[in-house]
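All remarks here apply to the structure that follows.
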Amino acid sequence: NHPIHFRKRKCYVAAMATYKEQVLIRFHYQGVEELFDEYAETFEEHLTKGLRYKTPELMKREMDLAWATEALADAGIKDEDVGEGQDDSNGKEKSSSQRWKRCLDLGCGSGLAGDVFRSDVKYLEGCDISKEMVKICKKKEGIYDKVVHNNLMNHLRHKKDDSFDLIVSADVVMYLHDNDLAAMIKEVHRVLESGGVLCFSTESLDATSEEETFRRLETERYAHSCKYVLGVAKEHGLECKRVENVKVRMDEGRPILGDIFVLVKS
Numbered sequence: 008n009h010p011i012h013f014r015k016r017k018c019y020v021a022a023m024a025t026y027k028e029q030v031l032i033r034f035h036y037q038g039v040e041e042l043f044d045e046y047a048e049t050f051e052e053h054l055t056k057g058l059r060y061k062t063p064e065l066m067k068r069e070m071d072l073a074w075a076t077e078a079l080a081d082a083g084i085k086d087e088d089v090g091e092g093q094d095d096s097n098g099k100e101k102s103s104s105q106r107w108k109r110c111l112d113l114g115c116g117s118g119l120a121g122d123v124f125r126s127d128v129k130y131l132e133g134c135d136i137s138k139e140m141v142k143i144c145k146k147k148e149g150i151y152d153k154v155v156h157n158n159l160m161n162h163l164r165h166k167k168d169d170s171f172d173l174i175v176s177a178d179v180v181m182y183l184h185d186n187d188l189a190a191m192i193k194e195v196h197r198v199l200e201s202g203g204v205l206c207f208s209t210e211s212l213d214a215t216s217e218e219e220t221f222r223r224l225e226t227e228r229y230a231h232s233c234k235y236v237l238g239v240a241k242e243h244g245l246e247c248k249r250v251e252n253v254k255v256r257m258d259e260g261r262p263i264l265g266d267i268f269v270l271v272k273s
C-alpha cells in the first residue's frame, strides 16, 4: 500500500478506462458504417417515400429565411408587415441568389443535400463514412465536384483553415458518439472562413431536466437539447442566425422532431 504504488494503480485504471472508451467509440462508428453500407441501395427511396424525409429542403428554407429576415430588419420592416406575394428580401437574399464559393457536405449519404444545395454553390465537396454511399454519390453526375470516403472528423482535420464559406450536415449529428458534437463544431469553426455558415440538423431531445444535454436513444441515435447545441456553438465562436424546430421525418407513423441550426462564424 505504498503511496507510489497507489498512484500507479490509479494511472493504470484511468488508462484502461480511456482505452475501453476508445474501443466503444470505434465499435459505434464501425456499426454506423456497416449500417449504411447495407442500407445504401434502398436508402434514398425508403427515406424520401417511406419516411417522408425533407431535411435538406428544410435546411435550405431556414437559410433563406435567416437572410430574408435580416434584410427586413435592415429595412426596418417586421415579418408581420409583409403581405402575401410581396418581395420580403429587399434585394438582399443570401442563400437563393448568392453563389457560395465552397461548400462542404459532411455525411453526404446518397447526395440528397448536395442535390438541394448544388445550384447555390460553385464548388461542392462531400464526405461520408459509408463507402457504398460514396459510390452512389459518384454515379450522380453534376452534383459533387469531389466525394470522399471518410468520417467527418478525419475529413475536417485534413482541411485548411478558412477554406469553406458554407458547411452543411443533414441528419448526421445524431450518429455522432456522445460529446463528439463539440469536437465537430470546433473543427468547423477552424475550417470556415470569417462570416461562413454552418447549417445542420439534430434530433430534438425531450429533456427530463435542465442539466440533460444529449441522450442515446433506443434507435442508437443521439438526441441533443437545443440549449446545449447553442451553448457549444457560442463557446466555439459560432453565432446563431436562426434555429427552428421542425418535423424531420416520420417513424412508424409518428413525426420525429428535430432542430435546424443556421450558425455563422463571427
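Under the working numbering, the first residue of the sequence shown carries the number 8, and numbering increases by one thereafter.
Glycine included, C-beta positions come from ideal geometry on N, C-alpha and C.
Computed from a prediction, not measured in an experiment: that's the story for all the values here.
Straight-line gap, residue i to residue j (C-alpha atoms, nearest Å)
i, j, result
"residue 108", "residue 200", "11 Å"
"residue 151", "residue 136", "16 Å"
"residue 106", "residue 215", "42 Å"
"residue 254", "residue 271", "23 Å"
"residue 92", "residue 77", "In this predicted model, residue 92 has a pLDDT of only 41, less than 50, meaning its place in the structure is not dependable enough to derive any value."
"residue 67", "residue 241", "22 Å"
"residue 139", "residue 239", "32 Å"
"residue 119", "residue 125", "10 Å"
"residue 269", "residue 192", "13 Å"
"residue 221", "residue 183", "11 Å"
"residue 116", "residue 190", "21 Å"
"residue 123", "residue 177", "11 Å"
"residue 155", "residue 75", "33 Å"
"residue 149", "residue 261", "35 Å"
"residue 205", "residue 130", "16 Å"
"residue 210", "residue 61", "14 Å"
"residue 226", "residue 153", "31 Å"
"residue 170", "residue 132", "12 Å"
Alpha helix (DSSP H) segment containing residue i, residue limits
i, result
"residue 5", "No information on residue 5 is available, as it lies outside the stretch 8 to 273 that the chain covers here."
"residue 235", "233-242"
"residue 121", "119-124"
"residue 143", "138-146"
"residue 198", "187-198"
Nearest-angstrom Cβ-Cβ length linking residue i and residue j, presumed shorter than 8 Å
i, j, result
"residue 267", "residue 69", "5 Å"
"residue 256", "residue 72", "Contact flag wrong, Cβ pair sits at about 20 Å."
"residue 172", "residue 203", "4 Å"
"residue 245", "residue 196", "6 Å"
"residue 252", "residue 264", "6 Å"
Of the residues the options, the one placed nearest residue i, counting alpha carbons only
i, options, result
"residue 161", "203, 228 and 114", "114"
"residue 198", "236, 255 and 112", "112"
"residue 212", "174, 74 and 231", "231"
"residue 218", "228, 235 and 206", "235"
"residue 165", "187, 134 and 141", "134"
Residue range of the beta strand (DSSP E) that includes residue i
i, result
"residue 249", "245-258"
"residue 170", "Counting along the chain, residue 170 falls outside any beta strand (DSSP E), and DSSP gives it neither H nor E."
"residue 263", "261-272"
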